[in-house]
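**Q** Have a look at this one.
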Amino acid sequence: MQSAGQNRSIILAETTVEYSLRRSRRAKGISVAVYPGGEVAVTAPLWLAHEDIEKFFYSRSNSLLRVLFRERQRPRRIRLANGAGEFEKNKAFVTALVHERLNFWNKNYGYSIGKITVRNQKSRWGSCSKKGNLNFNWKIALLPGEMADYIIVHELCHLGEFSHSRKFWELVARTIPNYRALRQRLKNYR
1 MQSAGQNRSI
11 ILAETTVEYS
21 LRRSRRAKGI
31 SVAVYPGGEV
41 AVTAPLWLAH
51 EDIEKFFYSR
61 SNSLLRVLFR
71 ERQRPRRIRL
81 ANGAGEFEKN
91 KAFVTALVHE
101 RLNFWNKNYG
111 YSIGKITVRN
121 QKSRWGSCSK
131 KGNLNFNWKI
141 ALLPGEMADY
151 IIVHELCHLG
161 EFSHSRKFWE
171 LVARTIPNYR
181 ALRQRLKNYR
C-alpha cells in the first residue's frame, strides 16, 4: 500500500527545498530523487516518523543541495513530436520554457528584455532585434538542455553587444564557457 504524495518543504542552509513525500509499505529506507528542473521526490516507509525524514535531510544537506543546484540549472526534459501541426500544439509550452530559461540566465546579466516570441523558423534557432526583442525557433525545446541554454544565452548577450565581436563572445563565455563546443555540436541539428 502507498499513500498519495504530500507536498512539503524543509530549510537546508538557508535554502528552502520543496519536495513531494510518498509513503510506501514496501520501502525499507528513505530514497530521494532529484529531477532536472529541481523537482525533489522522497519515498519513505509508512512507519517512519516525519522527524526521522528531516534528520535524514539534515545529515545529507551538503550533497543534496549540490545535486539540487545542478539539477535546477537543467531544464526539465520534455518530449515533443516534430511534425506537421506540432508548432501550434507546442507553442505555449515552449514559450513558457524559453521565458523560464531567459529569466534564469538573465540573473547573470540584468538586461532589459523586449518582446519574446517563439516562431516556426526554417533556418534560425534565434534572433535579436535592435529594439531588444528576442525570437526563438520552437524546435529549441527538442535540443539537449545545454544546447538550448547556449542559444538562449547567445541571443540574450546580443542585448549587451549586438555584433559577434570579441566583447560579445566574452559575454557568452561568462556563463557558457564551453560555448565553442556547443556551437559546433549545434551544426548537427540543422
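Residues in the sequence shown are numbered consecutively from 1, following the UniProt record's numbering.
Virtual Cβ for every residue (Gly too), placed ideally from N, Cα, C.
Going by alpha carbons, who is nearest to residue 214 out of W138, K115, G114?
**A** Residue 214 is absent from the model: the chain starts at 1 and stops at 190.
**Q** Assess, as a yes-or-no matter, whether the segment 32-46 is touched by the segment 85-92 under the definition of 3 or more beta carbon pairs within less than 8 Å.
**A** Taking 8 Å as the limit for Cβ pairs, the verdict is that the segment 32-46 does not touch the segment 85-92.
**Q** Measure from the C-beta of R22 to each C-beta in chain B and report whether the shortest distance is under 7 Å.
**A** In the structure shown, chain B cannot be found, because there is only a single protein chain.
**Q** For Y179, which residues in the same chain have their Cβ closer than 7 Å to its Cβ, ignoring the five residues on either side in sequence?
**A** Numbered from its first residue, the sequence shown carries residue 179 at position 179. Cβ within range, chain order: Y150, V172, A173.
**Q** Do Y19 and R8 have their beta-carbon atoms positioned less than 7 Å apart in this structure?
**A** Within the sequence shown, residue 8 is the residue found at index 8, counting from 1. Within the sequence shown, residue 19 is the residue found at index 19, counting from 1. Contact: yes.
**Q** Out of curiosity, what's the CA-to-CA distance linking G132 and E14?
**A** Taking the sequence shown and counting its residues from 1, one reaches residue 132 at position 132. Taking the sequence shown and counting its residues from 1, one reaches residue 14 at position 14. Each residue's Cα considered, the two are about 36 Å apart.
**Q** To the nearest angstrom, how far is the alpha carbon of V17 from that of F57?
**A** Position 17 of the sequence shown holds residue 17. Position 57 of the sequence shown holds residue 57. Near 10 Å, if we compare the C-alpha coordinates of F57 and V17.
**Q** Buried or exposed, going by whether 16 or more other CB atoms sit within 10 Å of the CB of H158?
**A** Mapped onto the sequence shown, residue 158 falls at position 158. Per the 10 Å Cβ criterion, buried.
**Q** Let me know the secondary structure DSSP gives N137 once reduced to three states.
**A** Residue mapping note: residue 137 aligns to position 137 of the sequence shown, counting from 1. DSSP places N137 in strand when its eight states are reduced to three.
**Q** Rounded to whole angstroms, what's the CA-CA distance from Q2 to G29? Just pull it up for me.
**A** Working through the sequence shown from its first residue, we reach residue 2 at position 2. Working through the sequence shown from its first residue, we reach residue 29 at position 29. Caution applies to Q2, whose pLDDT of 49 falls short of 50 and renders its modelled position unreliable; the model cannot decide the point.
**Q** Using a threshold of 7 Å, state whether the C-beta atoms of R66 and G38 are closer than that.
**A** On the sequence shown, residue 66 is found 66 positions in, with the first residue counted as 1. On the sequence shown, residue 38 is found 38 positions in, with the first residue counted as 1. Contact flag unset, no.
**Q** Please state whether DSSP places E155 in a helix, a strand or coil.
**A** Here residue 155 is taken as the residue at index 155 of the sequence shown, counted from 1. Looking at E155 - three-state DSSP - the assignment turns out to be helix.
**Q** Whose CA, out of Y35, S63, R23, lies closest to the CA of A49?
**A** Working through the sequence shown from its first residue, we reach residue 49 at position 49. Looking at the Cα atoms, R23 is the closest of the given residues.
**Q** Would you decide whether A141 is buried or exposed? Buried here means 16 or more other CB atoms lie within 10 Å of its CB.
**A** Here residue 141 is taken as the residue at index 141 of the sequence shown, counted from 1. By the neighbour-count rule (16 or more Cβ atoms within 10 Å), A141 is buried.
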